[in-house]
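Here is the structure we will look at.
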Amino acid sequence: MFLQRASVLLIVLGFAAFTFVMAGPRAGLLVLVGLGFGLVLEGLRFGFAGPWRMIVTDRDGRGLLAQLIAIALVAVVAFPLMAGSSGELVPAHAPVGVGMILGAFVFGAAMQLVMGCGSGTLVNAGSGNLVGLIALAGFIGGSFVGTLHLGWWTSLGSLPVLSAQGSFGDMGGLALTLAGLVLVGVVTFLRSAPGKRMPPRRLWIAAALIAVLALANLVIAGQPWGIVYGLGLWGAKIAQAGGADLGATAFWAAEGNAARLAESILTDVTSLTNIGLLIGAFAVMRWRADPGAQTQALTPLSYAAVLAAAVVLGYSARMAFGCNVGAFFSGISTGSLHGWVWLVAAFAGSILGIRMRPVLLRPSLNQGAYA
Numbered sequence: 034m035f036l037q038r039a040s041v042l043l044i045v046l047g048f049a050a051f052t053f054v055m056a057g058p059r060a061g062l063l064v065l066v067g068l069g070f071g072l073v074l075e076g077l078r079f080g081f082a083g084p085w086r087m088i089v090t091d092r093d094g095r096g097l098l099a100q101l102i103a104i105a106l107v108a109v110v111a112f113p114l115m116a117g118s119s120g121e122l123v124p125a126h127a128p129v130g131v132g133m134i135l136g137a138f139v140f141g142a143a144m145q146l147v148m149g150c151g152s153g154t155l156v157n158a159g160s161g162n163l164v165g166l167i168a169l170a171g172f173i174g175g176s177f178v179g180t181l182h183l184g185w186w187t188s189l190g191s192l193p194v195l196s197a198q199g200s201f202g203d204m205g206g207l208a209l210t211l212a213g214l215v216l217v218g219v220v221t222f223l224r225s226a227p228g229k230r231m232p233p234r235r236l237w238i239a240a241a242l243i244a245v246l247a248l249a250n251l252v253i254a255g256q257p258w259g260i261v262y263g264l265g266l267w268g269a270k271i272a273q274a275g276g277a278d279l280g281a282t283a284f285w286a287a288e289g290n291a292a293r294l295a296e297s298i299l300t301d302v303t304s305l306t307n308i309g310l311l312i313g314a315f316a317v318m319r320w321r322a323d324p325g326a327q328t329q330a331l332t333p334l335s336y337a338a339v340l341a342a343a344v345v346l347g348y349s350a351r352m353a354f355g356c357n358v359g360a361f362f363s364g365i366s367t368g369s370l371h372g373w374v375w376l377v378a379a380f381a382g383s384i385l386g387i388r389m390r391p392v393l394l395r396p397s398l399n400q401g402a403y404a
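In our numbering, each residue's number is its place in the sequence shown (first place is 1) plus 33.
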């Protein structure tokens with residue numbers, strides 16, 4: 034046990050040190066932030082897709098309330114930080130459009146089929162869950178393909194980028210954001226069954242830690258916590274290594290994207306926190322001497338359904354300008370209207386996905402096997 038835990042510490046600290054040396058202090062700090070996300074999400078069982086399912090199926094609102102608390106904590110600090118940053122801190126704002134709404138709805142359904150959102154997929158994969166590993170591969174591929182079609186989806190029509198602070202000022206926007214979170218919290222509380230309303234101490238701690246890490250990400254990276262861009266970049270690098278000419282595509286020919294494609298992933302802030310998150314989840318699993326997050330084995334057809342749903346998950350996340358982290362969590366906490374619209378559309382899709390789960394995800398007849 035001692036040797037196993039010592040090896041975990043060596044892996045974690047070794048990779049952070051490697052990043053410090055190869056890409057600089059900022060990159061090393063972002064890996065540590067990502068490690069923190071992985072440790073909290075896996076270690077304290079803080080998630081996004083699961084609580085959305087629980088409020089629908091079990092009338093258990095504790096996990097969803099913890100999400101709202103974390104978002105509120107970030108907003109209280111992020112709004113004044115961004116206001117005083119002279120543009121150095123960029124919010125997670127995006128336009129609301131036809132493609133974005135459709136993407137959020139489809140994402141909500143798909144995340145219930147792969148049993149995780151963007152961050153959940155990374156946590157599950159890092160924990161050694163076979164479904165998570167399959168989902169991660171599909172998400173990477175889908176997110177990359179989504180970048181190739183993003184221009185078409187945005188051409189279907191969208192509003193200008195709208196934000197709470199842009200419409201009501203910094204303090205007015207913050208007040209409106211907090212009021213919206215309180216309203217959703219009250220609805221969640223009333224929907225929840227007695228005994229399943231107030232988050233336990235574990236989730237209060239997790240919400241506070243996630244908020245601190247998200248704010249650290251904002252300050253160090255200059256932008257809010259995100260997941261999807263990094264996974265799409267990984268897919269693009271794989272495609273480029275396979276001979277694809279991405280310079281001919283609108284998305285990857287754009288100056289910033291072309292630069293990231295040409296450089297190491299250790300220079301991409303989203304990739305750094307994604308890698309850290311994966312390692313953090315793995316570290317928790319190994320520290321506990323846990324063989325990994327176990328789920329009942331599925332039939333081969335169901336595994337194929339998971340892969341297909343994961344491709345759709347990644348594709349729709351790109352359409353929607355983010356997942357539960359980039360659009361919902363970071364979008365709302367930095368004042369974006371699209372975060373609220375994303376929440377409504379994705380939650381509606383999540384209800385559909387919950388109903389599809391027993392149809393598409395059938396357990397194997399070998400009840401003793403796990404994946």
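The beta carbon of each residue, even a glycine, is placed where N, CA and C say it ideally should be. The structure presented is a predicted model; accordingly, all values stated were derived computationally and were not measured.
Which value, in whole angstroms, describes the spacing of the CA atoms of F140 and T180? Against the sequence shown, residue 140 aligns to sequence position 107. Against the sequence shown, residue 180 aligns to sequence position 147. So the two alpha carbons sit approximately 15 angstroms from each other.
Ordered list of alpha helix (DSSP H) runs contained in the region 50–125, each at least 4 residues: 58–76, 82–90 and 95–116
Applying the 10 Å Cβ sphere with the 16-neighbour rule, what's the burial state of R319? Along the sequence shown, one-based indexing puts residue 319 at 286. Flag for R319 reads buried.
Reduced DSSP category for I189 - H, G, I as helix; E, B as strand; rest coil: Locating residue 189 in the sequence shown gives position 156, counting from the first residue. The sequence given here has Leu at residue 189, not Ile. Coil.
So P333 is in the alpha helix (DSSP H); what residue range does that whole segment cover? Start at 1 with the first residue of the sequence shown, and residue 333 comes out as number 300. Taken as a continuous stretch (DSSP letters only), the alpha helix (DSSP H) holding P333 covers P333 to M352.
So G159 is in the alpha helix (DSSP H); what residue range does that whole segment cover? For this step, residue 159 is matched to residue 126 along the sequence shown. Per DSSP, G159 belongs to the alpha helix (DSSP H) from G151 to G159.
Uninterrupted alpha helix (DSSP H) stretches inside the region 176–220 (no shorter than 4 residues): 197–201
State yes or no: is the C-beta of W258 within less than 8 angstroms of the C-beta of A241? Position 225 of the sequence shown, counted from the first residue, corresponds to residue 258. Position 208 of the sequence shown, counted from the first residue, corresponds to residue 241. No, the Cβ-Cβ distance between W258 and A241 is not below 8 angstroms.
Quick one, which of K229, A254 and Y262 has its alpha-carbon nearest T90's? Counting from 1 along the sequence shown, the entry for residue 90 is found at position 57. The residue with the shortest Cα to Cα distance from T90 is K229.
From the DSSP output, in three-state form, read off S369 for me. Here the question's residue 369 lines up with position 336 in the sequence shown. The answer is strand: DSSP assigns S369 an E or B state.
Can you tell me the Cα-Cα spacing of N290 and G263, whole angstroms? To locate residue 290, count along the sequence shown from 1; it is residue 257. To locate residue 263, count along the sequence shown from 1; it is residue 230. N290 and G263 have their C-alpha atoms some 11 angstroms from each other.
Buried or exposed: which applies to E75, given that a residue is buried once 16 or more other Cβ atoms fall within 10 Å of its Cβ? Taking the sequence shown and counting its residues from 1, one reaches residue 75 at position 42. With 16 or more Cβ atoms within 10 Å of its Cβ, E75 is classed as buried.
For G130, write down the residues that DSSP places opposite it in a beta bridge. Looking up residue 130 in the sequence shown gives position 97. Per DSSP, the beta-bridge partners of G130 are S191.
Do you know how far the Cα of Q100 is from the Cα of S297? The sequence position of residue 297 within the sequence shown is 264, counting from 1. The sequence position of residue 100 within the sequence shown is 67, counting from 1. So the two alpha carbons sit approximately 33 angstroms from each other.
Anyone know if the C-beta pair for A127 and F354 falls short of 8 angstroms? Residue mapping note: residue 127 aligns to position 94 of the sequence shown, counting from 1. Residue mapping note: residue 354 aligns to position 321 of the sequence shown, counting from 1. Yes, Cβ-Cβ distance for A127 and F354 is below 8 angstroms.
Alpha carbons only, please: which of A142, A170 and L114 is nearest the one belonging to L376? Here the question's residue 376 lines up with position 343 in the sequence shown. Considering only A142, A170 and L114, the residue with the shortest C-alpha distance to L376 is A142.
Rounded C-beta distance between A197 and V261? I'm assuming under 8 angstroms. Mapped onto the sequence shown, residue 197 falls at position 164. Mapped onto the sequence shown, residue 261 falls at position 228. Actually they are not in contact, since the Cβ atoms of A197 and V261 sit about 22 angstroms apart, beyond 8 angstroms.
Hey, how far is the Cα of L398 from the Cα of Y336? For the purposes of this step, residue 398 is taken as the residue at position 365 of the sequence shown. For the purposes of this step, residue 336 is taken as the residue at position 303 of the sequence shown. Per-residue confidence for L398 stands at a pLDDT of 41, beneath the threshold of 50, marking its modelled position as unreliable; the derived number appears in the next sentence. C-alpha separation (whole angstroms): 14 angstroms.
W258: first and last residue of the uninterrupted alpha helix (DSSP H) it sits in: Taking the first residue of the sequence shown as 1, we reach residue 258 at position 225. Careful: W258 lies outside any alpha helix (DSSP H) and carries neither H nor E.
For a test of the three-state rule: what should DSSP assign to E288, helix, strand or coil? Taking the sequence shown and counting its residues from 1, one reaches residue 288 at position 255. Note: E288 maps to helix in three-state DSSP.
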